[in-house]
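There are 4 protein chains.
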Amino acid sequence: MSQSVAALLKLREVILSGSLPPGERLSENGVAERLGASRTPVRAALARLAEEGLLEPIPSGGFMVKAFTEREIRDAIEVRGTLEGLAARFAAERGASPEGLAHLRDILEGIDAVLVRDPAAGIDFTEYVTLNEHFHQLLLELAESPVLARKVGQAVALPFASPSGFVMAQGALPEARVILTVAQEQHRSVVEAISLREGARAEAIMREHARLAHRNLALALRQGKLHLVQGGALIQRRLPA
Amino acid sequence: MSQSVAALLKLREVILSGSLPPGERLSENGVAERLGASRTPVRAALARLAEEGLLEPIPSGGFMVKAFTEREIRDAIEVRGTLEGLAARFAAERGASPEGLAHLRDILEGIDAVLVRDPAAGIDFTEYVTLNEHFHQLLLELAESPVLARKVGQAVALPFASPSGFVMAQGALPEARVILTVAQEQHRSVVEAISLREGARAEAIMREHARLAHRNLALALRQGKLHLVQGGALIQRRLPA
Amino acid sequence: MSQSVAALLKLREVILSGSLPPGERLSENGVAERLGASRTPVRAALARLAEEGLLEPIPSGGFMVKAFTEREIRDAIEVRGTLEGLAARFAAERGASPEGLAHLRDILEGIDAVLVRDPAAGIDFTEYVTLNEHFHQLLLELAESPVLARKVGQAVALPFASPSGFVMAQGALPEARVILTVAQEQHRSVVEAISLREGARAEAIMREHARLAHRNLALALRQGKLHLVQGGALIQRRLPA
Amino acid sequence: MSQSVAALLKLREVILSGSLPPGERLSENGVAERLGASRTPVRAALARLAEEGLLEPIPSGGFMVKAFTEREIRDAIEVRGTLEGLAARFAAERGASPEGLAHLRDILEGIDAVLVRDPAAGIDFTEYVTLNEHFHQLLLELAESPVLARKVGQAVALPFASPSGFVMAQGALPEARVILTVAQEQHRSVVEAISLREGARAEAIMREHARLAHRNLALALRQGKLHLVQGGALIQRRLPA
C-alpha cells in the first residue's frame, strides 16, 4: 500500500470515528503530525476527502470537517437509491444472465436463513451485512456499466449513504426484524423484476429500498444510537428550539 | 346495426355536438321522441353514456348532460396518457415483433411526409389525424393486453381525452407546426425505446405525449376555438371574475 | 332497488360463484328464466357485465362467460395498481388536507392492531379487509379526481383485481403474516410520501403494493385455493403438458 | 491559481484535445516535462483525472488515457440525465420560489429569441450554449441540495456527458433547428411541471432531455463530426467489419 493510500485510509477513519469533530479546521502540518505521515500524501488525502464530501474547503485555504444535517443525509441516501435504481433498470433492460440471477437467488436464500433462525437467538447482523453488501455489489455488476459503477462507488463513499450504513444501529432496535423482513422482500421483488425484464419496476423498488435507511436514521436519531453508525459523529443533531 | 347501437350513436353525437347543453335533464320519453326510437334502446343508451361519463345520474332519477371543468378534462387526458404509457411499457418489456416495429416506423414516415410538405400549402390535418390514430392503435396492439385495450377504449370514449381530440382546434393556430413537430419527435422516441426494450422510458414518453393536449386545450380555451373540438360544447368556460 | 339493478347483482354473483362455468353461452331467455326476471333488465345486465369484462360478446350474437388466463389477471392487477398509483400521485401533488392524512393514519393504527394481536389467535381477516378497503377508498378521495375515481371503480369491478381480492385465499397460507406486514409497510410509506408531497414515490409504492396480489395469485394457484377467491372459478388453470 | 489547479486544467485540456491519444501511457515524469510543472502537482492532477474517469489506472502502476465506447458515453449521458431528473424532482417537490421560476422563464425567453431569429442568418450557437448552461445550473440550484449538486458536477466532468456537450457538433447539421426546438419545449415543460409541483413529470422530462444528446452523438459519429465535440478524440469509432 502506497503512503498516499495509507494516509487516506487513516485520515478517513479518524474523521468517521468522530475524533475530529465537525467544524474542526485541518492544516496539512497538523494532519501530517497526527498521522505521522509526510505532507505530500496528506495533501492528496485532504483533496480526496473533500472530493468525497467529508471535508469542506475553507475560502481562506485549508479544510474543515463537514457537519451533515439530517436533510443532507437523506439527500445522500436518495442519490444512492437513484443510482442503484438505474443499475437495476439497466440489469432488467439489458437482460441479466441466468448465472447472474441464480447467484442473486443464492444470496436471497442466505439472507432468508439469517432471518428465520431461532428468534430467541437474535439476528446475526454481521452475517446479514456481508450478504447484503454482496447482493448490492452483484446487482451493480449485472448493470454492465463501468461508468455507473464508478458513480455508485462515489455515492457510497459517505458511509451513512451506503446500503448497510444503518443496519448496525438498527440491530439495537426492536423494529429491526420487521425492517429486515421488508428489505428482504424488496430484494426478492427486484430479482423477480429483473428476470421479467421489468425495468421501471426494478428501478422503483431499489429507490424505495434505499429509503428504508431514512427510517433507520430517524430511529437512530430519536433513540440516541448515532454512535453505532459509522460516521454518526458527523451528523448534526438539531438543537432544541 | 341493432336499434340499441343506433340509438347510442345518435344520442352520443347529439350530446357532443352541443345540441343538448350541459345541465339539460334527459327523460327516456323525451330522448325517445327526439331520436324517433323506442324506449328500451334509449334506456340502454342512457345507461351506457352515464357509464362513459357524458351523462350524470340525477338522485331523483334520470340523467343530466355533464358539464366538464378544465380540471376534469386535464384529469381525463392524464388518465389516458397513464394507460397509454402502461401500454408502451408492456410493448417494450414484452418485446415487440420486428413486423410491429416496422409498421410503426412506416407510420412515422407517413407523418414526416405530412409535416415537411410545402409550408405555404399548410398541413393536411385530416391525413395527420388518420395516421396519428393508427399509430396509437398499433401501439396498443403491441402491448398484447386485451384487458388494457378495453381500459384505453373506455378512457378515449370522452372525445376530448382522445389522442386526436384537439388536433383540429390546433389546426387553426400558428403554434400548430411546432406542436406537431414535438409530437412526432415523441412518436419517434417511443418507437426507439420499445425497440431497445426501455420500458420506463417508453412509459414516460407516452405520458408526456398525452400532455401536449393540455396545451392545446389551454390554447383553444384562450382563443375561443372550443367549437372546433368534438365535445367542446360540454367544456365549462370559467366565468370572468 | 330497481329491477335492472337487482338483475345485475344477481347475475354477477351467479357468474363469480362459478355456477355458470367459463365458456357457457348465455341467452336472454335462459338468464331471464334462471333469475326469474323479465327480459329487459336481463338485457341491460348482460350488456353491463360485458362492459365490465365478465362476459364476452359472441360474433353470432349473445354472450359467453369469460375465462381469464393468469396473464389477464396479472394485467388487470397492473392496471388497477397503475390507476391507484396515479391517485396517490395526485394526492401528493395536490396536497392532501391534514384531516385526510390524520384519517389515513387512524386506519394504519387499526391495521397495526389487527396484525400485532396474539399470534396464536390468528389474524382477523374480515376486519383486515374492511380496514384495507377503507384505506384504498380514502386514498382515492384524496386524489380529488372524479374522473379517476370512475376509472378505478371500473378497474376493480373484476373482483380478482380489487385490493382485497386475494386476501381471503391468503388467509389459509402460512406466508400470510409476512405479506400483510409488507402490505402495511407500503400503506405507511405511501402516507408518508403523500404528506411530504413526494408524488413519484407515492405512485411507485401503490404500483408495487398492487403487485403483492400477483404473489397471492401464484400461491393460490399453486395450492389449489382458488375457490377461496371471489371469481376464482373463472380463472383458467393451465393444463399439465 | 495554485500550481496544482494549473496542472490539472492544462492536463485535462491536453487530453480532451486529443493530443494524447486513447491508450497512451502517462508517467509522472513525462507529464511533468510536457507541462513544464513539478512532479507533486502532476501527481495530484493524474489522481484527479482518474477519479473523473478520463484516465485509467494501470495495474503495473501509472495511468493510461481512457478510450470511450459509444455505450460508455450513452451511459454517462444517462447518469447525468438521471441526476438532473432527481434535481428537477426535488425542485418540484420542495417548492421552487417565485423568483427562481421567474428567472428560469427569463432564460426560456432568451432561448426563444435565439431560435426565432432570421432563419437565413442561422442560429447563434454560442449564445444558445451560454443560456442553456445557465438554465441547467439554475435548475440545479432550485433543488436546494448541495449533495446532489456535487454529484451532478462530477457527472458533467466528462465533457461529452454535459448538457451542451454535443451542441457545437449539432451546429453543423441540418437537423439542428428541430433538435433545439424540441429541447426548448422540454425546458418549457419542466418549468411548468416544477411550478405545478409535479415531481414525477419534471423528473421524466429531464431524463428524456438528456437523451437528445444520444441522438446528437449518433449523428456526429455518422457524419464524422467528432472533432467538433470536446473530448471527441477519446471516443472509439467502431471499426468497419
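Residue numbers (the UniProt record's numbering), protein chains in the order written: chain S, 1 to 241; chain W, 1 to 241; chain L, 1 to 241; chain C, 1 to 241.
Just so it is clear, CB atoms sit at the ideal spot from N, CA and C, and this is done for glycine as well.
Pick helix, strand or coil for VAL65(L), following the three-state DSSP scheme.
-> Along the third sequence, read from residue 1 onward, the residue named residue 65(L) stands at position 65. Here VAL65(L) sits in strand by DSSP.
CA nearest to the CA of THR130(L), picked from ALA102(L), SER164(L), ALA143(L) and GLY231(L) | The residue you call residue 130(L) lines up with position 130 of the third sequence. Distance from the Cα of THR130(L) is smallest, within the candidate group ALA102(L), SER164(L), ALA143(L) and GLY231(L), for SER164(L).
Excluding the 5 residues preceding and the 5 following ALA44(S) in the sequence, name in chain order all residues of the same chain whose CB lies nearer than 6 Å to its CB.
-> Here the question's residue 44(S) lines up with position 44 in the first sequence. Cβ contact annotation for ALA44(S) (same chain, cutoff 6 Å, sequence separation greater than five): SER4, in chain order.
Out of THR69(L), ARG39(L) and HIS187(L), state which residue places its alpha-carbon closest to the alpha-carbon of HIS209(L).
-> Working through the third sequence from its first residue, we reach residue 209(L) at position 209. The residue with the shortest Cα to Cα distance from HIS209(L) is HIS187(L).
contact_flag[the stretch 224-236 of chain W, the stretch 199-206 of chain W] where n(CB pairs < 8 Å) is 3 or more | Fewer than three beta-carbon pairs drawn from the stretch 224-236 of chain W and the stretch 199-206 of chain W are found closer than 8 Å, and the two stretches are therefore not classed as touching.
Residue from LEU83(L), LEU104(L), GLU52(L) and GLY23(L) whose Cα sits closest to the Cα of GLU192(L) | To locate residue 192(L), count along the third sequence from 1; it is residue 192. For the residues LEU83(L), LEU104(L), GLU52(L) and GLY23(L), the minimum Cα distance to GLU192(L) belongs to LEU104(L).
Closest by CA to GLU51(C), which one among PHE166(S), ASN216(S), VAL152(S) and THR181(S)?
-> Working through the fourth sequence from its first residue, we reach residue 51(C) at position 51. The alpha carbon of GLU51(C) has as its nearest neighbour, out of PHE166(S), ASN216(S), VAL152(S) and THR181(S), the alpha carbon of VAL152(S).
Report the neighbours of VAL79(L) on chain S: residues whose CB is nearer than 9 Å to its CB, in chain order.
-> For this step, residue 79(L) is matched to residue 79 along the third sequence. Chain S residues near VAL79(L): none, gap ~15 Å exceeds 9 Å.
How would you label SER145(W), buried or exposed, when you count the other beta carbons within 10 angstroms and need 16 or more for buried?
-> Working through the second sequence from its first residue, we reach residue 145(W) at position 145. Buried is the label assigned to SER145(W), since at least 16 other Cβ atoms lie within 10 Å of its Cβ.
Report the option in THR181(W), LEU158(W) and ILE179(W) whose CA atom is closest to the CA atom of SER17(W).
-> Within the second sequence, numbered from 1, the residue matching residue 17(W) stands at position 17. Of the candidates THR181(W), LEU158(W) and ILE179(W), the one whose C-alpha sits nearest the C-alpha of SER17(W) is LEU158(W).
The stretch 193-222 of chain L: positions lying closer than 7 Å to chain C by Cβ | Close to chain C, meaning a Cβ-Cβ distance shorter than 7 Å, are the following residues of the stretch 193-222 of chain L: ARG197, GLU198, GLY199, ALA200 and GLU203.
Cβ of VAL65(C) within 8 Å of any chain W Cβ = The count along the fourth sequence starts at 1 and reaches residue 65(C) at position 65. So, not an interface residue.
Cα-Cα separation between ARG150(S) and LEU217(L), rounded to whole angstroms = Here residue 150(S) refers to the residue found at position 150 of the first sequence. Here residue 217(L) refers to the residue found at position 217 of the third sequence. Approximately 40 Å, taken between the alpha carbons.
What are the boundary residues of the beta strand (DSSP E) that includes PRO57(C)?
-> Position 57 of the fourth sequence holds residue 57(C). Taken as a continuous stretch (DSSP letters only), the beta strand (DSSP E) holding PRO57(C) covers 55-57.
Counting only the same chain and skipping the five closest in sequence on each side, list residues whose C-beta sits under 6 Å from that of ALA241(W).
-> The residue given as residue 241(W) occupies position 241 in the second sequence. Note that ALA241(W) scores 45 on pLDDT, short of 50, meaning its location in the model is unreliable; the coordinates nonetheless yield the value given after this. Hits under 6 Å: none found.
Report the three-state DSSP secondary structure of LEU26(W) (helix, strand or coil).
-> As a working note, residue 26(W) is residue 26 in the second sequence. In this structure, LEU26(W) counts as strand in the three-state DSSP scheme.
Compute the Euclidean distance between the alpha carbons of VAL147(L) and THR126(L), then round it to the nearest angstrom.
-> Position 147 of the third sequence, counted from the first residue, corresponds to residue 147(L). Position 126 of the third sequence, counted from the first residue, corresponds to residue 126(L). Approximately 30 Å between the Cα atoms of the pair.
Identify whether ILE235(S) lies in helix, strand or coil by the three-state DSSP scheme.
-> Here residue 235(S) refers to the residue found at position 235 of the first sequence. The answer is strand: DSSP assigns ILE235(S) an E or B state.
The stretch 23-32 of chain S contacting the stretch 62-70 of chain S, beta-carbon criterion three pairs below 8 Å | The stretch 23-32 of chain S vs the stretch 62-70 of chain S: in contact.
Determine, using beta carbons only, whether ARG12(C) comes closer than 8 Å to chain S.
-> The count along the fourth sequence starts at 1 and reaches residue 12(C) at position 12. So, not an interface residue.
Residues from the stretch 180-193 of chain L in contact with chain S, defined by Cβ distance under 8 Å | Listed in chain order, the positions of the stretch 180-193 of chain L with a beta carbon within less than 8 Å of a beta carbon of chain S are THR181, VAL182, GLU185 and SER189.
Within the 8 Å Cβ cut-off, does PRO240(W) reach chain C?
-> On the second sequence, position 240 is the one that residue 240(W) refers to. Confidence at PRO240(W) is low in this model, with a pLDDT of 45, below 50, so the placement of that residue should be treated as unreliable; the coordinate-derived value is given next. The beta carbon of PRO240(W) sits no closer than 8 Å to any beta carbon of chain C.
Report, in whole angstroms, the separation of the C-beta atoms of ALA183(W) and VAL79(W), which I expect to be a contact under 8 Å.
-> Looking up residue 183(W) in the second sequence gives position 183. Looking up residue 79(W) in the second sequence gives position 79. Contact between ALA183(W) and VAL79(W) is absent: CB atoms are separated by about 19 Å, not below the 8 Å threshold.
Listed in chain order, which residues of the stretch 138-166 of chain S have Cβ atoms closer than 8 Å to some Cβ of chain L?
-> Those would be none; no residue qualifies.
Using a C-beta to C-beta distance shorter than 8 Å, which residues of chain S count as neighbours of VAL116(L)?
-> Taking the first residue of the third sequence as position 1, residue 116(L) is located at position 116. In chain order: nothing, as chain S lies at least about 11 Å away.
Answer with buried or exposed for ARG207(L), where buried requires no fewer than 16 other C-beta atoms within 10 angstroms of its C-beta.
-> As a working note, residue 207(L) is residue 207 in the third sequence. It counts as buried.
Does DSSP put SER164(S) in a helix, a strand or coil?
-> Taking the first sequence and counting its residues from 1, the one referred to as residue 164(S) is at position 164. If DSSP states are grouped into helix, strand and coil, SER164(S) belongs with coil.
Residue range of the unbroken alpha helix (DSSP H) whose run includes LYS151(L) = The residue you call residue 151(L) lines up with position 151 of the third sequence. 146-155 is the span of the alpha helix (DSSP H), which, as asked, contains LYS151(L).
Secondary structure at LEU158(W), three-state DSSP: helix, strand or coil?
-> Working through the second sequence from its first residue, we reach residue 158(W) at position 158. It is coil, neither helix nor strand.
Could you pull the start and end residues of the alpha helix (DSSP H) that GLN223(S) belongs to?
-> Within the first sequence, numbered from 1, the residue matching residue 223(S) stands at position 223. Careful: GLN223(S) lies outside any alpha helix (DSSP H) and carries neither H nor E.
Chain C partners of ALA76(S), CB-CB under 8 Å?
-> The residue you call residue 76(S) lines up with position 76 of the first sequence. Think of a sphere of 8 Å around the beta carbon of ALA76(S): the chain C residues whose beta carbon falls inside it are VAL147, in chain order.
State whether the stretch 5-14 of chain W contacts the stretch 29-44 of chain W, with contact taken as three or more CB pairs (one from each stretch) at a distance under 8 Å.
-> By the criterion of at least three beta-carbon pairs nearer than 8 Å, the stretch 5-14 of chain W is in contact with the stretch 29-44 of chain W.
Rounded C-alpha distance that separates LEU239(C) from GLU141(W) | As a working note, residue 239(C) is residue 239 in the fourth sequence. As a working note, residue 141(W) is residue 141 in the second sequence. Here the model assigns LEU239(C) a pLDDT of 49, short of 50, so the residue's position is not dependable and the matter cannot be decided.
8 Å Cβ cutoff, LEU86(S) in contact with chain C | Looking up residue 86(S) in the first sequence gives position 86. Chain C contact via Cβ: present.
Apart from the five residues on each side of it in sequence, which residues of its chain come closer than 6 Å, Cβ to Cβ, to SER195(C)?
-> Translated into the one-based positions of the fourth sequence, residue 195(C) becomes position 195. Cβ-Cβ distances below 6 Å link SER195(C) to LEU101 in the same chain, with the five nearest sequence neighbours on each side left out; the list follows chain order.
Which value, in whole angstroms, describes the spacing of the CA atoms of ALA32(S) and GLU28(C)?
-> Taking the first sequence and counting its residues from 1, one reaches residue 32(S) at position 32. Taking the fourth sequence and counting its residues from 1, one reaches residue 28(C) at position 28. For ALA32(S) and GLU28(C), the distance between alpha carbons rounds to 23 Å.
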